[in-house]
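Report on one structure; see the data block that follows.
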Amino acid sequence: MNRSAILRKLKEQSDYKWDIIVVGGGATGLGIALDGASRGYKTLLLEQSDFAKGTSSRSTKLVHGGVRYMAQGDLLLVMEALHERGLMLKNAPHLTSNQEFVIPVYTFRDVIMYICGLKFYDLLAGRLSMGKSYFIGREKTLARLPMLKPAGLKGGVVYHDGQFDDSRMALALAQACVENDGTVINYCRVDDLLKDENGKIIGVKATEIISGEQFIMKAGLVINATGVFADEIVRMDNPQSKPTIKPSQGVHIVLPKSFLHSNSAIMIPKTDDGRVLFAIPWYDEVVVGTTDTPVNEINLEPVALDDEIAFILKTAGKYLVKPPVREDILCVFAGLRPLAADPENPSSTKEVSRRHKITLSPSGLLSVIGGKWTTYRLMAEETINKAIRAGFLEKRKCVTANLKLTKTGADDLTNHFHIYGDGSSEIKKMISENPGSGIPVDHRLPYTRAELIWICRNEMPVTVEDLLARRTRALFLNARASSEMAAEAAAIMAGESGSDMNWQSEQIESYHRLVKNYI
Ligand SMILES: Cc1cc2nc3c(=O)[nH]c(=O)nc-3n(C[C@H](O)[C@H](O)[C@H](O)COP(=O)(O)OP(=O)(O)OC[C@H]3O[C@@H](n4cnc5c(N)ncnc54)[C@H](O)[C@@H]3O)c2cc1C
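Using numbering that gives the first Met the number 0, you'd call the opening residue of the sequence shown number 0 and step up by one each time.
See the structure below:
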């Protein structure tokens with residue numbers, strides 16, 4: 000992944016006709032680009048900001064069937080997601096893990112209900128099950144979850160789901176796409192669609208954000224994978240189209256792991272206002288969330304509302320021996336999920352089934368909306384299959400079910416370098432040649448100078464934020480500590496790219512401004 004080389008290629012080949020242009024570099028777009036490239040189609044992906052800058056770096060970080068969707072009776076979605084969960088754990092072992100969850104239970108009715116429900120969940124997972132669900136008594140529950148309040152506790156129901164690093168997964172998909180001869184570029188925004196005299200889409204107009212340079216890019220098929228921004232692209236196709244999406248915000252907080260003091264996660268299936276609350280160990284901290292708040296603005300940098308933070312703190316405090324307060328929060332992050340807007344009544348929102356929707360407009364715009372991170376691969380397969388059926392692409396078989404996203408990177412789990420997949424051995428070599436580069440840049444976070452340099456050379460970060468928020472997860476794990484890494488991160492980036500002191504100062508300032516939204 001070399002951004003300058005990719006840009007050069009795009010400039011030199013201005014008349015090139017791509018088979019597929021994918022708009023949007025989140026889970027959906029990257030999954031589609033990898034599917035297209037690995038089937039041998041000439042594939043280009045354009046992302047207006049950084050890969051996974053949108054919802055795809057702000058998830059609960061679960062690879063799951065969705066216990067909640069089972070309770071809602073959406074069995075097809077759960078079965079598909081459980082199957083995809085198994086594939087994701089098999090193909091990306093360096094970024095996923097088997098996570099044990101415990102549901103604390105306070106009545107015998109709940110014991111029966113959850114144990115039956117989760118046994119059924121196991122059954123739906125079939126041979127890709129991650130471990131059996133079972134009941135444990137009060138003492139065993141408290142041994143596993145020492146920070147759980149004991150009052151009224153009857154026991155716990157244990158079950159297993161997957162956990163992952165969402166933005167690192169997005170980068171692994173981008174990398175795999177490039178390895179399969181696809182082209183991906185960040186900071187390249189699609190401004191408009193190109194149409195022929197019959198009104199059929201034949202490409203896009205795009206702007207490279209850093210230089211402001213404009214491009215015309217031609218393609219046999221344009222796919223809209225822009226998540227909550229999908230209506231903007233749909234309106235480029237048909238300015239009269241009515242809004243289809245009303246966003247809902249989900250907030251998480253990150254707390255020191257001492258609040259959980261366990262490798263098991265807590266799942267509260269029904270909070271006071273009927274939501275699900277998770278407290279999940281993630282790296283060395285714990286992620287707690289989430290909320291579901293309808294918002295009017297669609298924004299790449301959504302900000303958590305005070306009420307949302309207060310709700311999570313209050314609810315977590317009901318279950319934890321040590322109730323967390325605002326000062327304990329290491330990071331707060333918000334993400335937007337698309338809810339369906341009723342075209343006849345735009346002010347009302349109803350939840351879209353979390354199953355994805357793929358639509359084809361008369362002019363040939365293929366749009367993919369909704370879904371889950373867990374089902375990104377299936378969504379991609381169905382999207383490309385639909386394009387084949389509609390005559391945009393010649394028939395070729397999908398190969399992603401068995402496409403490994405790392406060859407060696409999951410072998411050594413004694414340190415965190417496995418998150419870089421096959422790059423981990425290069426980072427370890429850099430450290431063995433220069434042991435000083437293996438010291439963490441900030442003592443509160445594990446990230447070393449060597450890996451920041453390796454990232455600059457291999458993963459197309461453009462800003463300090465790209466490096467600290469999505470290549471490493473410093474921002475999400477400890478926003479204040481990441482702020483103190485910004486100067487060194489900027490210096491490392493400048494050393495690799497030749498940027499001057501002004502660039503460094505601007506980057507540091509802009510990063511410090513951003514961090515305010517996360518603390
Ligand atoms: C709070 C929350 C928690 C979640 N937790 C989980 C979970 O634990 N597990 C799970 O499986 N799923 C989870 N999900 C769902 C999952 O995160 C989303 O389904 C997924 O990330 C959506 O990816 P996407 O690519 O469709 O959208 P996005 O990630 O938002 O990507 C869309 C991209 O399009 C780009 N874009 C927009 N306009 C343009 C343009 N004009 N030109 C170029 N690029 C453009 C944007 O910059 C953006 O990067 C969660 C969702 C939320 C909101």
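For every residue, glycine included, the Cβ atom is placed at its ideal position computed from N, Cα and C. All values reported here derive from a predicted model rather than from experimental measurement.
query, result
"Outcome for Asn90 when other beta-carbon atoms lying within 10 angstroms are tallied against a minimum of 16", "buried"
"C-beta atoms of Pro301 and Leu335 nearer than 8 angstroms", "yes"
"Cβ-based burial, His82 [other Cβ within 10 Å; buried from 16]", "buried"
"Given Ile279 as reference, the closest of Met459, Tyr68 and Val101 once Cα atoms are compared", "Val101"
"Cα-Cα separation, Gly181 to Ile31", "11 angstroms"
"Of the residues Ala485, Glu46, Arg395 and Phe107, the one placed nearest Ile209, counting alpha carbons only", "Glu46"
"8 angstroms Cβ cutoff met for Val250 and Ile308", "yes"
"Cβ-heavy atom distance, Ile232 to ligand 1, below 7 angstroms", "yes"
"Among Arg448, Leu144 and Ala4, the one whose alpha carbon lies nearest that of Gly494", "Arg448"
"Alpha carbon of Cys380 to alpha carbon of Ser37, nearest angstrom", "The sequence shown places Glu at residue 380, not Cys. Cα to Cα, Glu380 sits roughly 11 angstroms from Ser37."
"Proximity to Ser128 [Cα-Cα], best of Pro145, Ser261, Leu88 and Glu207", "Leu88"
"Residue from Val104, Arg108, Phe134 and Asp34 whose Cα sits closest to the Cα of Ala118", "It should be noted that the sequence gives Lys, not Ala, for residue 118. With distances taken between Cα atoms, Lys118 lies closest to Phe134."
"Backbone secondary structure at Ala389 - three-state DSSP", "coil"
"Extent of the continuous beta strand (DSSP E) to which Gln98 belongs", "Thr95 to Val104"
"Residue closest to Asp18, alpha-carbon to alpha-carbon, out of Gly39, Ile5, Lys8 and Ala4", "Gly39"
"Helix, strand or coil at Glu207 according to DSSP, with G and I counted as helix", "strand"
"Gly35 beta carbon near ligand 1 (any heavy atom closer than 7 angstroms)", "no"
"At least 3 beta-carbon pairs within less than 8 angstroms: the region 244-260 vs the region 210-220", "no"
"Ser436 CB to nearest heavy atom of ligand 1 below 7 angstroms", "no"
"Cβ neighbour criterion (16 or more within 10 Å) applied to Arg57", "buried"
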